[in-house]
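Residues 35 to 493, numbered by the working numbering, are exactly what the sequence shown covers, in order. Remarks on the structure that follows.
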Amino acid sequence: MKRLFIVSILTFFLAGLFLQPCLAWKGSEGWEERQNAMLEKHGLKVGEVYDASNGSKIKHLLPESVYNKWLMKGGWKFPIGKFDYYYGVEDRWMKKHAKANAGKYTLDSNAVVIEVATGKFPIGRTGITFPMDSFDVKTDPKAGHKILHNGFSVQSVTSAYFRDFTVDWVGIGGYEKSFFAWINYFNYEGGGAWKPNPNLFKQNDLLYFTGPHDIEGAVNLSWKYLDGSPTKGFFYVPAIRRVKRLNGANRSDPTQGSDFCVDDSNGFAGDPESMEAKYIGQKDFLFPVLEADQHRVLKGRRAADGTYVMPPGYSAVKANYLNNNPDPNVDMWALEGIVFVPRTGYQVELFPKDPYYNYGKQILWIDQEGLLFVYKEVDDRAGEYWKTAIVMYTALQYGDDKYVGNGAAAYAMVDDKAHHASIAPVMGSWKGYDFRSWYNTNRMKPSAFTPQAISTMSR
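This is the structure in structure tokens:
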């Protein structure tokens, strides 16, 4: 009897451990069992579709705005899916520097990454900055900032990446207009740590507008610094052939009048040092992904110069407004062709230190296995809810190498105050045009990321 009692207690204890969400990154081992357990935990089955008639069952798995505004009032549908493969940060990359980096870095009073040994910011940092098992997210007062820095260290796994994209304005009447552009990120950490870096940059990014005609040739350039200094920005105005200086707060201005701002890239592209960041807790949620991406890893072709070229030939965005006969009872911007996979993640609350930053409080929903910024709920400066961003990511494989990581495939930003949205496909093909999507590319040289260079690009 005593033995049976002990076995029962152990069984209950172990089951409790299994059902508790794990705060650390787990990797590919046991991924399928974890995915099945997540479906079972929430009573979900692949192929089920949730809408306003039965959506209360998934209310706890969605941001409040997504549930109340999109599902219950906007007519959105939420099909349940699952992955056929491990979807997260590749084991090899995550483990490569984890042991060496554990305890190597800390944050100063401004949330700047510094070396414990020297008290100075690192140059040539690679790998995950703060291995997830090296700090306790529940008790570490800097956990929010550490998770943000980890997300950026995952994004910098490539030395540079380039992509075309478009942004559609969508109102209650449907499609309104578009702009077209390309963007190039140039990293000096992670995959780009080998580059000469006399200016002590963390990252440069260059956004070039290709159309329509009235904005063609406009260029937005940003310099991010290793020491946590505010991002410096420059904007070339082709009509007057002048370069304007920008500050960090300008990154929260509407991009060409759309619902997006520059800091919405990849969910959040601002400086962690520019934000107060508070870890809220761990949260299971419904992770959005393109239907096809449940079953495939997108394989790039290695070009002669070492660039990995991702294939086009598929549509990264399907939505009500794109249909021949849009449903008038559904938000015109309601996304289609995506499924939602139950996963676990982190919630981090951000608040800008700069009083001129347009956003107020922001809640980031971050995928635990991929360290991806998936949802962002945004309040205005008065503290009222304003808008929500959603990002769909595609798993990427570089040539014949193993699965490496994830890249954003499409975005939507829904302004629930203005009843308006902006939709941005950034991979695949769009309205007859094949987007260029290049990873580990050095086709654009460091000299291009200067105010002098951007003033000559459109001439």
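All C-beta atoms in this analysis are idealised placements derived from N, C-alpha and C, irrespective of residue type, glycine included.
With a cutoff of 8 angstroms on beta-carbon distance, Ala416 and Met447 are scored as not near each other. By the Cβ neighbour-count rule, Ser90 is exposed, with fewer than 16 other Cβ atoms within 10 Å of its own. Phe199 sits away from Phe483, with the two beta carbons spaced by 8 angstroms or more. Contact annotation, Leu324 with Met426: C-beta distance approximately 6 angstroms; criterion of less than 8 angstroms satisfied. Taking a contact to require three or more Cβ pairs closer than 8 angstroms, the segment 206-223 and the segment 245-255 qualify as touching.
By the Cβ neighbour-count rule, Asp468 is exposed, with fewer than 16 other Cβ atoms within 10 Å of its own.
Under the criterion of beta carbons closer than 8 angstroms, Tyr391 and Ser286 qualify as touching, at roughly 5 angstroms. Looking at Gly404, Asn476 and Asn363, the one whose alpha-carbon comes closest to that of Gly208 is Asn363. Contact annotation: Leu406 and Tyr473 have beta-carbon atoms that are not nearer than 8 angstroms. Contact check for Lys236 against Leu260 passes: the beta carbons are separated by less than 8 angstroms. The DSSP-derived three-state label of Ser286 is helix. Here Val201 carries a strand assignment [DSSP, helix/strand/coil]. Linking Lys107 to Asp293 through their CA atoms gives a straight-line distance of about 20 angstroms. Across the set Trp65, Asn88 and Trp104, the C-alpha of Trp104 shows the shortest separation from the C-alpha of Trp367.
With contacts defined by Cβ atoms closer than 8 angstroms, Gly267 and Leu398 do not form a contacting pair. If you draw a 10 Å sphere on the C-beta of Gln486, you find fewer than 16 other C-beta atoms in it, and that means exposed. In chain order, Gly371, Pro459, Gly462, Ser463 and Trp464 place their CB closer than 8 angstroms to the CB of Ser349, counting only its own chain and leaving out the 5 sequence neighbours on each side. Contact between the segment 221-231 and the segment 174-193 is present, with at least three C-beta pairs closer than 8 angstroms. Judged by DSSP in its simplified three-state form, Asn354 adopts helix. Boundaries of the beta strand (DSSP E) harbouring Val375: Ile372 to Pro386, taken from the DSSP string. For Phe243, the uninterrupted beta strand (DSSP E) segment begins and ends at Phe235 to Gly245.
Note: Leu255 is bridge-paired with Leu240 and Phe268 in the DSSP secondary-structure output. Contact between Gly439 and Val123 holds, with the beta-carbon distance rounding to 7 angstroms and staying under 8 angstroms. Counted as a single uninterrupted DSSP element, the beta strand (DSSP E) harbouring Met426 occupies residues Tyr419 to Tyr432.
Collapsing the DSSP output to three states places Ala446 in a strand.
Inclusion of Pro376 and Leu78 in the CB contact set at 8 angstroms is warranted, their separation being smaller than that value.
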